[in-house]
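The structure appears below as structure tokens.
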Amino acid sequence: MTTFLEEVNRRIDGVPIQRCYHCRKCTAGCPIAFAMEYNPNKIIRMIQNGKKADVLNSSTIWLCASCETCVTRCPNDVDIARMMDVLREMAIEERVDIREKNILKFHEAFLSSVKMGGRINEPFMIANYKLKSGDYFSDVGMGLSMLMKGKLSLFSPRTKDIKAVKKIFNETKA
Amino acid sequence: MKVSYYPGCSLHATGREYDESVKAVSSALQIELKEVDDWSCCGASSAHMTNYKLSVALPARNLIAAEKDGMDVMVPCAACFNRFKMAQHHLRENSALKSEVEGIIGKEYRDSIAVRNPIDIIYNDIGIDALAGKVTRKLTGLKPVSYYGCLLLRPPEVCEFENYENPYMLDAIMNTLGAESKNWSCKTDCCGGSLTLGKTEIVVHLVNKLMRMANEADANCLVTACPVCFANLDMRAGKDLSLPVFYFTELVALALGLQGPEKWFKMHNVDPMPLIKSSGLL
Ligand code: SF4
Ligand code: SF4
């Protein structure tokens, strides 16, 4: 049986995360660290210690904004941004209780909008997110004012070969 | 010069003024744009955050469509630009993935064109001197800070943008237009990106910090090349802190005396007209 660490490294398919020597440069530059329950380098330590449930249940993996500052500055080329992608995929696959449900619901609403039209229709995508998240009222005024300013249109052109886009979705499913 | 053009979803919606200003500026600078045939969404952060293969295959479909025209592709949206460059990188590095993706799309990817953003094209191909020669209205009075954000720059070996910790191309373009670009330490900081709906309070926190820093740098506006950054900066800052935000191409168009700026500025959430008028620019 592979360990959690081995599985994460296999999926990253690059620099093994144990190359980290915990200098914390990643955490020092991480714009979201202030809101994370575990700092980026702490996640590495937890993976090394086999704390799979705690890592996959953490808010950190969803709050990471993929700004890539950590990997850009890491003296050992540890790709924390990619690691966070991998951890999110694992959390979805293993159906753990997702801590930041609205963030995942946003991604689902976004991707289902792409699958349907080939392109994002922002008003529909946002409505879909609101239905999924139950967060009906925030930003409604802003959305309306953007519609009025002619930025958002309810009917935007779609990709014609929508079959090709659907095929991509169906055949890349994990 | 002639390039393929990938607008992406944002430029047809919340980033409409970016699309229109890129087109106006390109035409004035003799950059001919040919839209990529039947393009589809690049997947943005939502694809790579949840499904790696999808995040490569979605841009790959567009790269293959663009290759057909045999020209480099201009991708103005920083988020799309990043996904295109990332997909190119992974397709180069991972031949098994490349064959799999080609199988799904049913076409070969030849890796025959470059992915370019308009900052790079205007700075390097058109050139600062040629741009200066076209300025008819110096942007005196505008004191922008250049906000490059994350997605044009990182990871550096993939994005291949100059000076990724202290970039200057946008600042140089602003100064060429007669604006007084202000130096600040947040050029490459993150605005929170796609967390804007799922975790709004983080974006508000980051954007307010950026606005405070811009104010301290004595700037009176911000300039960006990313529709995600633009939307966050323009809509998420506290009322007492907010400064007008511009797409860099809107300011190029204004300085070149092109039609459009007045219409585009009406689409902004933070009204830039008081600043534009008090600087005598419209
Ligand atoms: S910067 Fe790199 S080596 Fe330093 S703590 Fe972060 S991951 Fe580890
Ligand atoms: S990619 Fe994620 S972990 Fe790395 S610095 Fe950015 S927000 Fe922090």
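For the protein sequence lines, the chains are V and A, in the order given.
The opening position of the first sequence corresponds to residue 1009 in the working numbering, with each subsequent residue numbered one higher.
The opening position of the second sequence corresponds to residue 2 in the working numbering, with each subsequent residue numbered one higher.
Glycine is no exception: its CB is placed at the ideal position from the N, C-alpha and C atoms.
Of the residues assessed, C1031(V) falls on the exposed side of the cut-off, its CB having fewer than 16 other CB atoms within 10 angstroms. Around the beta carbon of M72(A), 16 or more other beta carbons sit within 10 angstroms, so the residue counts as buried.
In the three-state scheme derived from DSSP, where H, G and I count as helix and E and B as strand, L178(A) is classed as coil.
From the beta-carbon of Y110(A), no residue of chain V is found nearer than 9 Å; the closest lies around 13 Å away.
Contact check for A67(A) against V57(A) fails: the beta carbons are separated by 8 Å or more.
Looking at the DSSP output, K183(A) sits in a beta bridge with V146(A). Between ligand 2 and C78(A), a heavy atom-to-CB distance of less than 7 Å is absent. 8 Å or more divides the Cβ of R93(A) from the Cβ of P60(A). In this structure, C1028(V) places its C-beta atom within 8 Å of the C-beta atom of V1086(V). Taking 8 Å as the threshold, the shortest C-beta distance from T250(A) to chain V does not fall below it. Contacts between F1114(V) and chain A, judged by CB atoms closer than 8 Å, involve S47, S195, L198 and G199 in chain order. In the DSSP assignment, E33(A) forms a beta bridge with K3(A). For L198(A), the number of other beta carbons within 10 angstroms of its own is at least 16, and it is reported as buried. Residue range C222 to T225 is occupied by the beta strand (DSSP E) that includes T225(A). In this structure, the straight-line span from the alpha carbon of A80(A) to that of D38(A) is close to 20 Å. Residues whose Cβ lies closer than 7 Å to any heavy atom of ligand 2, listed in chain order: C1034(V), G1037(V), C1038(V), P1039(V), I1040(V), A1041(V), P1048(V), C1072(V), A1073(V), S1074(V), C1075(V), E1076(V), T1077(V), C1078(V), V1079(V), I1088(V), A1089(V), M1092(V) and C191(A). For F1114(V), the enclosing alpha helix (DSSP H) begins and ends at K1109 to G1125.
Each residue's CA atom was taken as its position, placing D1147(V) and L1013(V) some 41 Å apart. Counting of Cβ neighbours within 10 angstroms places E217(A) among the exposed residues, the total staying below 16. DSSP places Y1137(V) within a helical segment (H, G or I) once states are collapsed to three. Look at F162(A) here: in three-state DSSP terms it is coil, with no helix or strand label. Secondary structure at M212(A): helix, using DSSP grouped into helix, strand and coil. Using beta-carbon distances, N1047(V) does not count as an interface residue toward chain A, since no partner is under 8 Å. Short of 7 Å from the beta carbon of T250(A), and not among the five residues preceding or following it, lie these beta carbons of its own chain, in chain order: Y19, S22, V23, V26 and P119. Burial state of K188(A) is buried, judged by a 10 Å Cβ sphere holding 16 or more other Cβ atoms. The C-beta separation of P1039(V) from D190(A) comes to about 6 Å, placing the pair in contact by the 8 Å criterion.
Residue range A79 to E94 is occupied by the alpha helix (DSSP H) that includes F85(A). In this structure, W185(A) sits away from M212(A), with a CB-CB distance that is not shorter than 8 Å. For a Cβ distance threshold of 9 Å, residue set L196, K200 and I203 of chain A lies close to L1071(V), ordered along the chain.
For Y53(A), the enclosing alpha helix (DSSP H) stretches over residues Y53 to E68.
DSSP, read as helix, strand or coil, puts V246(A) in strand.
Each residue's CA atom was taken as its position, placing G258(A) and N221(A) some 21 Å apart. Taking all protein chains in view, the Cβ of G16(A) is crowded by 16 or more other Cβ atoms within 10 Å, so the residue is classified as buried. When rounded, the separation of the alpha-carbon atoms in R1107(V) and A1041(V) is 16 Å. Take M1091(V), set aside five residues on each side of it, and the residues of its chain with a beta-carbon closer than 7 Å to its own are V1016, I1020 and I1025, in chain order.
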